[in-house]
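Reviewing the structure listed below.
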Amino acid sequence: MIGKLESRRILITGAASGMGREIARLFSREGADLALLDRDEAGVKAIADELSAKAFGCDVADRPAVGRIVAAAGEALAGLDGVVNAAGILDITPFDDLDPDSWDRMIAVNLTGPFNVVKAALPFLRQAERATIVTIASVSALMPMPGTSGYSASKAGVAMFTKCLGMDLGPNIRANSICPGVIRTEMTRFLWENPEHTARATERVSLKRLGETDDVSRAALFFSTEDSGFTTGTELPVDGGFSWR
Ligand SMILES: NC(=O)c1ccc[n+]([C@@H]2O[C@H](COP(=O)([O-])OP(=O)(O)OC[C@H]3O[C@@H](n4cnc5c(N)ncnc54)[C@H](O)[C@@H]3O)[C@@H](O)[C@H]2O)c1
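Okay, here's the thing in C-alpha cells:
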C-alpha cells in the first residue's frame, strides 16, 4: 500500500519525545523522508536510527544554529515539503511567582522557536509544489488556565503566528495549528502519574479520558496531506471536548 506521505520530505522539531516522536513514527510509516530535530541529541539520534531518518541536535531558540541546521536538513533531504513544530516547554507557576527568566524562555522556545524554524525552512518550502506547516500549540492558546500566563501567552502567540502564515504564504504553503488538551507525555507526567490530578483533569473533558500521542499524530497527518487540502490558518482542538468556545 502506498503511504499518504510517500516522497514527502518533512522536518519535525521536538522529535525526541512525546508528540513529536509519535508524529515521526506515523509519518515514517506513511512513507515520509524525515529530518528530526531536538535539543536532546541522544534522544533524537535514537528515534532517527529507529526510523532511518536524519538526526539534528539543536535548540530552536538559537536562531543562528537553527539557520545552519535547517539548511543542513533541507540539503540532506534534497528539499523540504513540510515542517512540524512540536518542540516546546511548560512552566505552570502562579503569576506572582513566575520567574521573568522562565517567561523569556517560554516565549523564546514556544513562540520564537517556530518563527526561527519556519524562517529557515522557507526557501525550501517555497520550492515545493504544495508545502505544509503544522504547529503544536495548545488549548492554552484558546482559554486561560491558572498558572499559565507565560505558557498560554506563548501558545496563543504561536497559534496566531501560524494563522498569519496561512494568510501570507498561500496559495502553495498551508499552515495550521493543533491545540491539544492534556496528552500523556513526559511534559505532563507530574499530572497523569497522580490519580487525583488525573481525575480532576478529566472531569471537564467530554470524552472522559486524557489524550494519547496518537490522537495528535493523526491530526498532524491530516494537516500534512491533501486530506486537508482546502484548510489553512486554522486551530484544531484535540482535547476530547474541553475548550468549548
Ligand atoms: N503534553 C501535553 O499535554 C501538551 C498539551 C498541549 C500542547 N503541548 C505541546 O506539545 C508539544 C510537544 O510536547 P510533549 O507533550 O510531546 O512534550 P515532551 O516534553 O514529551 O517533548 C517535547 C520535546 O521538545 C524538545 N524541546 C524542548 N525545548 C526544545 C528546544 N528549545 N529546542 C529543541 N527541542 C526542544 C524536548 O527535548 C522534547 O524532546 C509542545 O509544544 C507542548 O507545549 C503539550
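Quick note: the sequence shown uses the working numbering, first residue 3, plus one each step.
Note that beta-carbon positions come from the ideal geometry of N, C-alpha and C, so glycine has one too.
Does the separation of the CB atoms of residue i and residue j fall below 7 Å?
i    : j    : result
V119 : T236 : no
D83  : R11  : yes
T164 : S142 : no
K6   : T227 : yes
F244 : R202 : no
A50  : A44  : no
V240 : A221 : yes
L13  : S30  : no
I135 : V85  : yes
Residues in the same chain with beta-carbon distance under 6 Å from residue i, minus the five sequence neighbours each way, listed in chain order, please.
i    : result
T187 : G20
T251 : With the chain covering 3 to 247 only, the question about residue 251 has no answer from this structure.
T190 : V184
R41  : D61
I71  : F58 and C60
S230 : F224
Does residue i come out as helix, strand or coil in the three-state DSSP assignment?
i    : result
I180 : strand
P173 : coil
V160 : helix
I109 : helix
I71  : helix
L223 : helix
G152 : helix
E237 : strand
G213 : strand
G45  : helix
Would you tell me roughly how many angstroms separate the C-alpha atoms of residue i and residue j, rounded to the nearest one?
i    : j    : result
A55  : I91  : 24 Å
L36  : P173 : 24 Å
K121 : I138 : 17 Å
Q129 : L238 : 27 Å
D93  : A158 : 15 Å
A74  : L38  : 12 Å
F192 : E198 : 11 Å
D170 : A78  : 27 Å
L167 : A123 : 13 Å
G76  : L127 : 9 Å
G213 : M3   : 29 Å
P125 : C181 : 27 Å
R65  : A110 : 10 Å
W246 : S208 : 10 Å
E32  : E8   : 7 Å
E131 : S104 : 39 Å
M145 : M162 : 14 Å
L28  : N196 : 29 Å
May I ask you to list the residues that DSSP assigns as paired with residue i?
i    : result
F58  : L39
N87  : T137
P96  : According to DSSP, P96 bridges with nothing at all.
G1   : For residue 1 there is no data in the structure shown, the boundaries of the chain being 3 and 247.
R10  : DSSP output for R10 lists no bridge partner at all.
I25  : According to DSSP, which records beta bridges pairwise, I25 is partnered with nothing at all.
I185 : G213
T15  : L39
Might you give, ordered along the chain, the residues of its own chain that have their beta carbon closer than 7 Å to the beta carbon of residue i, omitting 5 neighbours on each side?
i    : result
T114 : A63
A18  : D40, D42, G45, V46 and I49
M108 : I91, D93, G152, Y153 and S156
W194 : R186, T200 and L212
G81  : R11, F126, Q129 and A130
Identify, in the order they occur along the chain, each residue of the same chain with its Cβ nearer than 8 Å to the Cβ of residue i, setting aside the five sequence neighbours on each side.
i    : result
E24  : T215, D216, V218 and S219
T233 : R176, N178 and F225
R211 : T204 and G242
V160 : N87, N112, L113, P116, T137, A139, A143 and S179
D98  : none
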